[in-house]
Amino acid sequence: MKNRINAKQTLKNPRVSLIRRWFSCSLLLLVTGYWSLVTDVYAGPETGATSANFLKIPVAVIPSALGQSYTAMISPDSILFNPAGLGLLSYSCFSGSHNQYVVGIRQEYAAITYRSKYGAVGLGFSMLDSGDIPSYDQDDILLGNTDTSHQFIILSVSQSFPNFPQDRGKLDPMIITPNWTRIEPVTDYRPKVYRFSIGASAKSVAETLDDLTSKTYTFDFGALLVLPHHFQIGASFLNAGGKQKFFTSSYEVSSVSRFGIAKDFHTVGDIMIFTLIGDMVKESDKDRYGSFGIETDILRLFQFRMGYVSRKDEGSKISGGLGLNLDRFTEKENIISGARVDYAYLNYGDFGATHRIGFQLIW
72 MKNRINAKQT LKNPRVSLIR RWFSCSLLLL VTGYWSLVTD VYAGPETGAT SANFLKIPVA
132 VIPSALGQSY TAMISPDSIL FNPAGLGLLS YSCFSGSHNQ YVVGIRQEYA AITYRSKYGA
192 VGLGFSMLDS GDIPSYDQDD ILLGNTDTSH QFIILSVSQS FPNFPQDRGK LDPMIITPNW
252 TRIEPVTDYR PKVYRFSIGA SAKSVAETLD DLTSKTYTFD FGALLVLPHH FQIGASFLNA
312 GGKQKFFTSS YEVSSVSRFG IAKDFHTVGD IMIFTLIGDM VKESDKDRYG SFGIETDILR
372 LFQFRMGYVS RKDEGSKISG GLGLNLDRFT EKENIISGAR VDYAYLNYGD FGATHRIGFQ
432 LIW
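Taking our numbering, I'd label the letters of the sequence shown as residues 72 to 434.
1) Which of the three DSSP states, helix, strand or coil, is assigned to Gly-138?
2) Taking 9 Å as the cut-off, decide whether the C-beta atoms of His-301 and Thr-248 are in contact.
3) Report the three-state DSSP secondary structure of Gln-178 (helix, strand or coil).
4) What residue range does the beta strand (DSSP E) around His-221 cover?
5) For Tyr-265, collect the residues of the same chain with a Cβ closer than 7 Å to its Cβ; drop the 5 residues on either side in sequence, then sort them by chain order.
6) Can you check which of these residues, Val-339, Ala-333 and Gly-312, is closest to Val-327 by C-alpha distance?
7) So the beta strand (DSSP E) Gly-293 belongs to, where does it begin and stop?
8) Should Gln-222 be counted as a contact of the ligand HEM given a C-beta to heavy atom distance under 8 Å?
9) Once the 5 residues before and after Arg-186 are set aside, which same chain residues still bring their CB inside 7 Å of it?
10) Which residues bound the beta strand (DSSP E) around Ala-155?
11) Touch check for the stretch 137 to 145 and the stretch 175 to 193: three-plus C-beta pairs under 8 Å?
12) Compute the Euclidean distance between the alpha carbons of Thr-425 and Phe-223, then round it to the nearest angstrom.
13) Could you check the C-alpha separation between Asp-243 and Ser-320 for me, to the nearest Å?
14) Can you pull the DSSP bridge partners for Asn-418?
15) Where does Leu-370 fall in DSSP's three states?
16) Run through the DSSP bridge pairs and tell me what Ile-332 is partnered with.
17) Nearest to Val-55 by alpha carbon, out of Thr-121, Tyr-141, Val-130 and Ala-131?
18) Considering only the alpha carbon of each residue, which of Ser-272, Ile-369 and Phe-232 lies closest to Gly-340?
19) Here's the rule I'm using: 16 or more other beta-carbon atoms within 10 Å means buried, otherwise exposed. How should Ser-437 be labelled?
20) Whole angstroms are fine: how far does the CA of Glu-404 sit from the CA of Ile-225?
21) Below 8 Å on the Cβ atoms is my contact criterion, and I expect Glu-278 with Ser-285 to pass it. Report the Cβ-Cβ distance as a whole number of Å.
22) Which of the three DSSP states is assigned to Phe-400 in this structure?
23) Could you tell me whether the Cβ atoms of Ser-362 and Leu-137 are closer together than 9 Å?
24) Anyone know if the C-beta pair for Asn-124 and Thr-252 falls short of 9 Å?
25) Looking only at its chain, what residues have a beta carbon closer than 6 Å to the beta carbon of Asp-293, apart from the 5 residues adjacent to it on each side?
26) Looking at the structure shown, is Asp-356 part of a helix, part of a strand, or coil, going by DSSP?
27) Locate the beta strand (DSSP E) running through Glu-255, then write down its first and last residues.
28) Relative to the C-alpha of Tyr-414, which residue among Glu-402, Leu-393 and Arg-399 is closest?
29) To the nearest angstrom, how far is it from the Cα of Gly-409 to the Cα of Glu-366?
30) With a Cβ-Cβ cutoff of 9 Å, do Gly-131 and Ser-166 count as a contact?
31) Keeping to the same chain, check which residues put their C-beta closer than 6 Å to that of Leu-280; ignore five residues upstream and five downstream.
32) How many Å lie between Ile-407 and Thr-401 at the Cα?
33) With respect to the beta strand (DSSP E) encompassing Asn-170, which residues constitute its N-terminal and C-terminal limits?
34) In angstroms with no decimal places, state the Cα-to-Cα distance between Trp-106 and Phe-330.
35) Check whether the Cβ atoms of Leu-199 and His-221 lie closer than 9 Å to each other.
36) Name the two residues that bound the continuous beta strand (DSSP E) containing Leu-280.
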């Protein structure tokens, strides 16, 4: 009887050992900043001695506008930055974009996430096409045109803990507030101590240069921790294990370690919501760099975004974008619960500006 009373007292204690020392100091700040970005990963190959570098080109519209600061965010575009982010989606969704890249190059991207009671499954595809490129022989005589294409297909699985299958299609109030207005919040009691998600992806990467094709497979891994007051911490390791061969030379795919944090702030009545995001990134063939993004949401209708990247050799360090939520213009009885369009602007210095347009759907 005495043991039962003690157990009840422990359960009723709102702090419960200060929430288990704030979930063991936020999992030791997600294993000390992902082991300080795995201590510069490893020495890594020399700059340029890697393959499939098209994977570094920003694709999805919203992350592009935010300076690619997205490791700790939750959306269908998480499939590109941290597969664990998919596990915290309580609804199914689609994201697609078109990128009019420099000098006539175009890029397409699409990702879909399905939420089941067993977890989230995501499928993504991206293609970069160069268009026609003049081809010359060793005497500088025009031979005609050639082209190149680069693409990847990615399959992700993710699950969150604790998991509440009955919450599918509803909004978990613990996560950073998304722009959607038609998702009903969870009204049943849920512990607001933490949410934790893990995810993994398998990626098929292929590049074609004229009549030569090289294909490889890589893997992504990630974790994301959600703490009270919409504070999110994420870490991921991308492009592990891949190597491409053209002619007689083989090069590893540049692996990427990412660590990020995110937090939103609300004004009275949620008239404006400010989301601040910061990432630290280490690519195996580049120096470590940081990025920062801020989104201002007005009335859950208009979004203004700006990003900054500290990387030195990628043209302009500033990016920006706009978003328009179309939820309020869709029918309530429609199978589609939400729709939105987004735009991102990135400048590549001498190569000129690039424009990305995209849209998202949820159901």
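Note that CB positions come from ideal geometry on N, CA and C, so glycine has one too.
Taking the definition as stated:
1) coil
2) yes
3) strand
4) 219 to 232
5) Phe-94, Leu-296, Val-297 and Leu-298
6) Gly-312
7) 283 to 298
8) Ligands displayed in this structure: none; no statement on the ligand HEM is therefore possible.
9) Leu-160, Ser-161, Tyr-162, Ser-163 and Arg-239
10) Where Ala-155 is concerned, there is no enclosing beta strand (DSSP E), given that its DSSP letter is neither H nor E.
11) no
12) 21 Å
13) 49 Å
14) Ala-424
15) coil
16) Ile-304 and Gly-349
17) Since the first residue of the chain shown is 72 and the last is 434, residue 55 is not available in this structure.
18) Ile-369
19) Nothing about residue 437 can be read from this structure; the chain reaches only from 72 to 434.
20) 32 Å
21) 5 Å
22) helix
23) yes
24) no
25) The sequence shown places Gly at residue 293, rather than the Asp named in the question. Counting only Cβ-Cβ distances below 6 Å, and skipping sequence neighbours, we find Asn-153, Pro-154, Ala-155, Gly-270 and Ser-307.
26) coil
27) It is not in any beta strand (DSSP E) - Glu-255 carries neither H nor E in the DSSP assignment.
28) Leu-393
29) 19 Å
30) Residue 131 is actually Ala in this sequence, not Gly. A contact, by the Cβ cut-off of 9 Å.
31) Thr-219
32) 8 Å
33) 164 to 171
34) Summary for Trp-106: the model assigns pLDDT 48, below 50, so the residue's position carries little reliability, and this model does not support an answer.
35) yes
36) 266 to 280
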